[in-house]
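Accompanying notes for the structure given below.
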Amino acid sequence: MSASLKASNSSKFQVSEFILMGFPGIHSWQHWLSLPLAFLYLSAIGANVLILVTIFQDPALQQPMYYFLGILSVVDMGLATTIVPKILAIFWFDAKVISLPECFAQIYAIHCFVGMESGIFLCMAFDRYVAICHPLRYPSIVTDALILKATVFMVLRNGLFVIPVPVLAAQRNYCSRNEIEHCLCSNLGVTSLACDDRRPNSICQLVLAWIGMGSDLGLIILSYTWILRSVLRLNSAEAASKALSTCSSHLILILFFYTAVVVVSVTHLAEPKAPLIPVLLNVLHNIIPPSLNPLVYALRTKELRAGFQKVFRLSLEKHTRHQ
């Protein structure tokens, strides 16, 4: 550890790099977890790329609901790529060292992508609200221009909103320990090594989460409350079932995403006796949704399944012609 310490002008020691130790308590055999993690990562990238290609090639899918799904796929791939390659490098090549700028950049990227995912879920909820509650006005409200503006707003909002988190983490004084019992640079995991008061970091993260993701969740709940009221007024049971089925995939993903966020937050704040649990949950929360989202939509959306079949059919035809 002494090699990673440097003297500062204030005659104190300041670490120049962190060491990511991996999963606490299972260091001797944690490399075996690289296999399922690599599978989840490859499946997440492959499935999300397939969704993007399908939406791009199938004119029937070039509508707002699927545009938002495509944006979600890009965000999911960004989130997974932010953490999984580094974790695999730790397990396969013992590349545990990470510089302070890289660590703070990872903190920023994780918070940014998670916030964007929450924002895209809000956009998708608004899309379903307009489609079900105001179907005649849907084409004039949910336009390509609105989708572009909403996407740019979500990118800028989260890109700027989470800046205080890594900035405050970088201002802490890391004067002694530099071994992080984690596979990635989480804000709370990094600042727990600080020699000075880390409460501003914890308060900042909590406040930003409530303002950003909390407001997203509140608006999503409001949207679905209005959707449910509108559906219950329908005289036809078949129409009500069809309206709800268009929302089912979205609702499943929302419930999983926000439930996982709450569970991860509670386990970190509770400081359990088994530190492996919050670390494992934190990693899974960042890799399972990118793998799960395409699967849920593929299984529950017949238009998307039909689009997949068209893409595969075109690929087979091209392959046959080349032969």
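Start counting the sequence shown at 1; every next residue gets the next number (UniProt numbering).
Built from N, CA and C at the ideal position, the CB exists for glycine as well.
- Task: Give the straight-line distance between the Cα atoms of Gln-57 and Thr-320, rounded to the nearest whole angstrom.
- Result: 19 Å
- Any chance the CB of Glu-181 is under 7 Å from a heavy atom of the ligand GTP? Absence of the ligand GTP is noted for the structure shown, with no ligands found whatsoever.
- Query: I think Ala-80 touches Ala-44, with their Cβ atoms under 8 Å apart; what is that distance to the nearest whole Å?
  - Reply: 5 Å
- Message: Quick check: the Cα distance between Gly-307 and Ile-55, rounded to an integer number of angstroms?
- Response: 8 Å
- Beta-carbon proximity check, Leu-20 vs Ile-277, cutoff 8 Å: no
- Item | Minimum length 4: unbroken alpha helix (DSSP H) runs contained in the stretch 224 to 304 | 237 to 270 and 276 to 300
- Message: Below 8 Å, how does it come out for the stretch 134 to 142 and the stretch 168 to 175: are there three or more Cβ pairs, yes or no?
- Response: no
- Message: Going by DSSP in three states, Glu-181 sits in which element: helix, strand or coil?
- Response: coil
- Query: For Thr-225, does the count of other Cβ atoms within 10 angstroms reach 16, so buried, or fall short, so exposed?
  - Reply: exposed
- Message: Tell me the rounded alpha-carbon separation between Asp-144 and Tyr-41.
- Response: 31 Å
- Message: Using the three-state DSSP reduction, which class does Leu-193 fall into: helix, strand or coil?
- Response: coil
- Identify, in the order they occur along the chain, each residue of the same chain with its Cβ nearer than 6 Å to the Cβ of Leu-219, setting aside the five sequence neighbours on each side. Leu-122
- Could you spell out the range, first to last residue, of the beta strand (DSSP E) harbouring Phe-18? 17 to 20
- From this set, Pro-294, Cys-183, Ala-243 and Gly-115, which residue's C-alpha is nearest Pro-24's C-alpha? Cys-183
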